[in-house]
Amino acid sequence: MMVELSMSGVMFSLSSVMSFMFSVLGVLISLVSLNLLGVWVGIELNFLAVLCFMSGSSVEETEGVMKYYMVQILGSCFSMMGFLMMVNGVEMFLGSVFILLGMLIKLGAFPFYFWVAPVVSKLSWPACKIVLVLQKVTPLWVVSNCLFLGWEISYLELLCVLTCCFGCLGGLGILNYRVLLGFSSIQHLGCLMILSCCSSWSMWMYLIGYSVLNIGLMISLWVLNISSFMDLSKASSLENLSSSWWVSVYMLSIAGLPPFSGCALKTLFLISCWGSMSVGGSLCMLTSCVSLVFYLSVVLAMTVYWGKSIFKMKKSSNSYFYVGLVSIMINLAIGPLLFSFSSL
4 MMVELSMSGV MFSLSSVMSF MFSVLGVLIS LVSLNLLGVW VGIELNFLAV
54 LCFMSGSSVE ETEGVMKYYM VQILGSCFSM MGFLMMVNGV EMFLGSVFIL
104 LGMLIKLGAF PFYFWVAPVV SKLSWPACKI VLVLQKVTPL WVVSNCLFLG
154 WEISYLELLC VLTCCFGCLG GLGILNYRVL LGFSSIQHLG CLMILSCCSS
204 WSMWMYLIGY SVLNIGLMIS LWVLNISSFM DLSKASSLEN LSSSWWVSVY
254 MLSIAGLPPF SGCALKTLFL ISCWGSMSVG GSLCMLTSCV SLVFYLSVVL
304 AMTVYWGKSI FKMKKSSNSY FYVGLVSIMI NLAIGPLLFS FSSL
């Protein structure tokens, strides 16, 4: 007999676990493949497995999955045409352009950023973690292995800057935290794409650090059952209030404020791209300063609602204690580790 557990609209069963495992397997196949055919097989295996994992129990989730399916199919068509051209040696330049277009669509970079917010707003927190974190790995790896010369680098740098701009401006005034994290991922995606052209090692370090922070934040919001700004006014328990304070630490860290781990990510980004893409890197950092507005708005909202009661601790459950403990470990320990590995 199959046992299923429903949490936040996601059905946790053997099928969902297998779907997640196959999605990770698809990423690994793409990363270790020695030819374009293997890369394409890994991408499609990952895509199909993620669709099975994302399918939830509500109409909204089904709508989000269908939107995601249509966008990813479009990206797969472009990338498949590019792979076929490259394999057959026909129109190599046009093939690389098709591959780049397909990856930009899959990532949600400019000018194809329009699908990210409508999709993640309909999904559950586990599905958001997959879309905003796991689904970036293979396309970024493909972009980092493309050969760009001369004017191509300039155009890609412009795309990265525009991606950061639309990511930071789109998050202003957003009350839904899923949508907010979606625009945040667009802004960080621009930085990751610049790093993919400058230093693959730095790109992986940035991606790992950002993924850990993002997953930790989404798990905390999931545990505390906070999805939007209005949920804060409903949180009356001091346990929830004190635990939600640790969620604001994630926000400050992703914003790049010292002494949190996100500051190490921004420093690593500047050091890595300053030699080859100093203008684009500087503009991306300016957009990060703009994105501070919607990160700080979340933190200030929590402070206004809670006031002094946030520091009054009552007997709390283990789950709330772990939220605070993990928040401290991630937001203060990841930064020094990243600098240690980046200096190797």
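Under this note's numbering, the sequence shown has 325 at position 322, and the numbering climbs by one with no breaks. Every residue gets a Cβ at the ideal spot worked out from N, C-alpha and C, and that includes glycine. Just so we're clear, the structure is a prediction, and the values are computed from it rather than from any experiment.
By alpha-carbon distance to leucine 299, the top candidate from Leu210, Gly278, Tyr253, Glu64 is Tyr253. The three-state secondary structure of serine 60, taken from DSSP, is coil. DSSP lists Asn179 as the bridge partner or partners of serine 231. Taking C-beta separations shorter than 6 Å and ignoring five residues to either side along the sequence, the partners of valine 301 in its chain run Met254, following chain order.
In the DSSP assignment, leucine 268 falls within the unbroken alpha helix (DSSP H) covering 264-276.
In terms of Cβ geometry, arginine 181 and cysteine 149 do not form a close pair [threshold 8 Å]. Alanine 112 places its beta carbon less than 8 Å from that of methionine 196. In this structure, the beta-carbon distance from proline 142 to leucine 97 does not fall below 8 Å. In the structure shown, alanine 112 falls within a coil segment according to DSSP collapsed to helix, strand and coil. A Cβ-Cβ separation of about 4 Å places serine 275 in contact with serine 205 under the 8 Å criterion. DSSP places serine 127 outside both helix and strand once states are collapsed to three, so it counts as coil. The alpha carbon of tyrosine 72 has as its nearest neighbour, out of Leu87, Ser60, Pro121, Ser36, the alpha carbon of Pro121. Ranked by Cα distance from cysteine 287, the first of Glu155, Asn38, Ser127, Leu172 is Leu172. In the pairwise beta carbon analysis, the segment 75-90 is classified as not touching the segment 55-63: fewer than three pairs are separated by under 8 Å. Only residues of its own chain outside the window of five on either side were considered, and among them none has a CB closer than 6 Å to the CB of leucine 161.
Between leucine 178 and phenylalanine 232, the CB-CB gap stays under 8 Å. Secondary structure at methionine 95: helix, using DSSP grouped into helix, strand and coil.
If you draw a 10 Å sphere on the C-beta of asparagine 38, you find fewer than 16 other C-beta atoms in it, and that means exposed. DSSP, read as helix, strand or coil, puts cysteine 55 in helix. Look at asparagine 148 here: in three-state DSSP terms it is coil, with no helix or strand label. Counting along the chain, the unbroken alpha helix (DSSP H) around phenylalanine 23 starts and ends at 17-35. Glycine 283 sits in a helix when the DSSP states are folded into three classes. Per DSSP, reduced to three states, the secondary structure at serine 199 is helical.
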